[in-house]
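Peer 1: If you're matching positions, the sequence shown starts at 1 in the numbering used here and goes up one per residue.
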Amino acid sequence: MYYVYVLKNNEGKHYIGSCVDLETRLKKHNQNSVRSTKHKGPFKVVHKEKFDSRTEARQRENQLKNYKGGRAFRKLIEELQPPSSSLV
């Protein structure tokens with residue numbers, strides 16, 4: 001099983017990646033063992049998707065990375081946010 005994941009840090013920055021073992025990969029991100037996210041954590045997983053093949057996972061990862069900062073990425077992230085309750 002392969003995962004594509006979106007991480008978010010306390011500053012609201014996102015990181016997109018793929019892996020086989022999501023739990024171990026998150027630990028590496030939070031231990032500053034991943035060069036691209038070093039000293040930018042701590043991170044939490046805000047989105048994950050499962051794939052049967054590495055090829056499918058990499059294609060989806062690239063698709064999300066192309067979205068990043070764009071309307072499609074914002075829409076994906078907004079869908080992940082819990083609905084806010086308005087007290088009026």
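C-beta: ideal position from N, C-alpha, C; glycine also. As the structure is a computational prediction, the values presented were derived from the model and not from experiment.
Measure the alpha-carbon distance for Val46 versus Glu79 and round it to whole angstroms.
Peer 2: Approximately 11 Å between the Cα atoms of the pair.
Peer 1: Going by DSSP, which residues form a beta bridge with Tyr3?
Peer 2: Answer by DSSP bridge pairing, in chain order: Cys19 and Lys50.
Peer 1: Is DSSP giving Arg74 helix, strand or coil here?
Peer 2: Reduced to three states, the DSSP call for Arg74 is helix.
Peer 1: Between the region 51-68 and the region 14-21, do at least 3 Cβ pairs fall closer than 8 Å?
Peer 2: Contact between the region 51-68 and the region 14-21 is present, because at least three Cβ pairs lie under 8 Å.
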